[in-house]
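*Asks:* Here you go, one structure.
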Amino acid sequence: MSAIVDVDTLLELVYSGLAAGLGLTVAFALLIYGLTRSGDMRRADRTIAAGAYAAIGVLALLACLGLVVVGLVVMTSK
Amino acid sequence: MATALAFDFTNGFHDTANVVATSISTRAMPPRVAVLMAAVLNFAGAFLSLEVAATVGKDFVDEGAITTTIVFAGLIGAIAWNLATWYFGLPSSSSHALIGGVVGAAFAAKGAEAIQGGGLLEKLMIPAVVAPLLAFTVSALAILLAYRIVGRLRPGPVNRGFRMGQVASGGLLALSHGTNDAQKTMGIITLALVAHGNIPAGEFAVPTWVIVSAASAIAVGTYAGGWRIIRTLGSRIIKMDPAQGFAAQGAGAAVILAASHVGYPLSTTHTISGGIMGAGAARRLSAVRWGVAGNIVLAWIFTLPAAAGIGAAVYGVTRVFGTGALGPMVVCVAILVLTAGALGRRVRRGSALTGEQPATDTA
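First to last, the sequence lines map onto chains E and H. Just add 4 to the spot in the first sequence (first one is 1) and you have our numbering. Just add 211 to the spot in the second sequence (first one is 1) and you have our numbering.
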């Protein structure tokens, strides 16, 4: 059975699937969180807090874009 | 060729739901816009890689044992199973149906020695178990984390945000679907060309006209839209909110792409169905309609043997008429007559999709 089933590949699939799936959703949730809270803080005239939340949003956006680019690279290179 | 492209069309409309069901269900996109985007990205995705085409052509049956009659019978088996599961609104794997049909026809023609059991186990059966379980787990964990992060925010911006995210994750899913599924038909057509002697045996290269025609057939099929399966995936398993839709789509796309990265072939249907069930079960176990989910899993289990049985039976019928083109032509005419009869009955009864009855006079 183990000769037919490549356990290492299977484990790699589980690790990378978990990392990419959780990473994408968490990054996107942080993007929404950062932008929404930044808007709230700006309306409350709390400029520094607004900037900090906006930074969280921008970092999360970069993470999302990075994951999408990795996905496109995987698709085109297989 | 025509039968292979017909299969590709059924593959497109059968699997449209994988890509668009969650976006339509959460109103991230209007239905027609969603299927148009899926069709265009499926078409584009078909040109990105040819690795899957080679897998379908070589890993499940002995390449040297394949004849055009076996390919024809296998395709009819896959089309018949796709249409049957579409009729009942069940999302089943078109890839498994295709492989099952070809394996059944090859078994009927050449016996067990033509079947590569190791390839079937490693590249079909184990992935069929792994794909939904992994997508279920990833989606469930992802939605729990997402709810922790955005749970205290106002629902308006959160829902709008996740709907916008679904447009992007749906696009990624459609593109990856195109790279996987259009290639299966390319693989089958190329296999037929090898069997017919148009391409030398051992030189598995997909001609450009095959790539263009397979990409076009799956794109047109996708645009036609399999609305029954869209309804099942989009609203009959769970009632989704936009965050759950995003988690299911994101988990599905991530698992499919991770599988591509490590060279592990997964069914898009199994993966996205597992993702949807996971997103529902994480919120509340009873939120998942387990009866519907059970029917879907049963359809997955029966896909390979049922398509193989039909493929073997069709091969037997075509061989009654010899090894030439007469057998496939007789089968095609019989299928057209049966389809016309079924459609005629349906037209007389009214629409099956909406349950509308012909207008009657009321006082």
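Note that CB positions come from ideal geometry on N, CA and C, so glycine has one too. For clarity, every value in this text was computed on a predicted model and none was experimentally measured.
1. Of the residues H:V528, H:A250 and H:A403, which one's Cα is nearest the Cα of H:A416?
2. Alpha carbon to alpha carbon, what distance is there between E:I52 and E:G25?
3. Would you say H:Y526 and H:A320 are within 8 Å of each other, going by their C-beta atoms?
4. With a threshold of 8 Å between beta-carbons, can E:S20 be considered close to chain H, or not?
5. Anything in chain E within Cβ reach of H:V341, meaning under 9 Å, just list it in chain order.
6. So with CB distances below 8 Å, who are the chain H contacts of E:V72?
7. Tell me the DSSP secondary structure of H:I449 in three-state form.
8. Less than 6 Å between C-beta atoms, sequence neighbours within five positions excluded: which residues of the same chain meet that for H:F254?
9. Any C-beta of chain H sitting closer than 8 Å to the C-beta of E:T80?
10. Using a Cβ-Cβ cutoff of 7 Å, what residues of the stretch 396-420 of chain H are near chain E? List them in chain order.
11. Using CA coordinates, which residue listed in H:I310, H:R495, H:A545 and H:T348 is at the minimum distance from H:G328?
12. At a cut of 8 Å, does the stretch 343-353 of chain H reach the stretch 487-504 of chain H through at least three beta carbon pairs?
13. Within this structure, are the beta carbons of H:A276 and H:A217 separated by less than 8 Å?
14. Considering only residues of the stretch 500-552 of chain H, which uninterrupted alpha helix (DSSP H) runs meet the minimum length of 4 residues and lie entirely inside it, listed in chain order?
15. What is the DSSP secondary structure of E:A24, counted as helix, strand or coil?
16. Taking the C-alpha atoms as reference points, what is the distance between H:A563 and H:G505?
17. Grab the span of the alpha helix (DSSP H) containing H:Y475 for me, first residue to last.
18. Taking all protein chains shown into account, decide if E:L66 is buried (16 or more other Cβ within 10 angstroms of its Cβ) or exposed.
*Replies:* Put simply:
1. Residue numbering aside, residue 416 of chain H sits at position 205 when the second sequence is read from its first letter. Measuring from the Cα of H:A416, the nearest candidate turns out to be H:A403.
2. Start at 1 with the first residue of the first sequence, and residue 25 of chain E comes out as number 21. Start at 1 with the first residue of the first sequence, and residue 52 of chain E comes out as number 48. Whole-angstrom Cα-Cα distance: 32 Å.
3. Counting from one through the second sequence, the residue named residue 526 of chain H turns up at place 315. Counting from one through the second sequence, the residue named residue 320 of chain H turns up at place 109. Taking 8 Å as the Cβ cut-off, H:Y526 and H:A320 qualify as a contacting pair.
4. As a first step, residue 20 of chain E is located in the first sequence; it is residue number 16 there, counting from the start. Any Cβ of chain H closer than 8 Å to the Cβ of E:S20 would place that residue at the interface, and such an atom is present.
5. Sequence index remark: in the second sequence, residue 341 of chain H carries index 130 (1-based). Within chain E, the residues near H:V341 are L14, L17 and V18.
6. In the first sequence, residue 72 of chain E corresponds to position 68, counting from 1. In chain order: A379 and L383.
7. Residue 449 of chain H sits at position 238 when you count from the first residue of the second sequence. Note: H:I449 maps to coil in three-state DSSP.
8. To locate residue 254 of chain H, count along the second sequence from 1; it is residue 43. Result list for H:F254: A426 and A430, in chain order.
9. Taking the first residue of the first sequence as 1, we reach residue 80 of chain E at position 76. At least one CB atom of chain H sits nearer than 8 Å to the CB of E:T80.
10. Taken residue by residue, none of the stretch 396-420 of chain H has a beta-carbon sitting less than 7 Å from a beta-carbon on chain E.
11. Looking up residue 328 of chain H in the second sequence gives position 117. It is H:I310.
12. Flag = yes, the stretch 343-353 of chain H and the stretch 487-504 of chain H touch.
13. If you number the second sequence from 1, residue 276 of chain H lands on position 65. If you number the second sequence from 1, residue 217 of chain H lands on position 6. Their beta carbons are not under 8 Å apart, which means H:A276 does not touch H:A217 by this criterion.
14. Qualifying alpha helix (DSSP H) stretches, in chain order: 501-531.
15. The residue labelled residue 24 of chain E in the question sits at position 20 within the first sequence. Of the three classes helix, strand and coil, the one that applies to E:A24 here is helix, per DSSP.
16. Translated into the one-based positions of the second sequence, residue 563 of chain H becomes position 352. Translated into the one-based positions of the second sequence, residue 505 of chain H becomes position 294. Reliability fails at H:A563, whose pLDDT of 46 lies under 50, so the model's placement of it is uncertain and the value that follows must be treated cautiously. Taking the straight line joining both Cα atoms gives about 23 Å.
17. Position 264 of the second sequence, counting from 1, holds the residue named residue 475 of chain H. Unbroken run through H:Y475: none, as it is neither H nor E.
18. Position 62 of the first sequence holds residue 66 of chain E. It is exposed - the Cβ of E:L66 has fewer than 16 other Cβ atoms within 10 Å.
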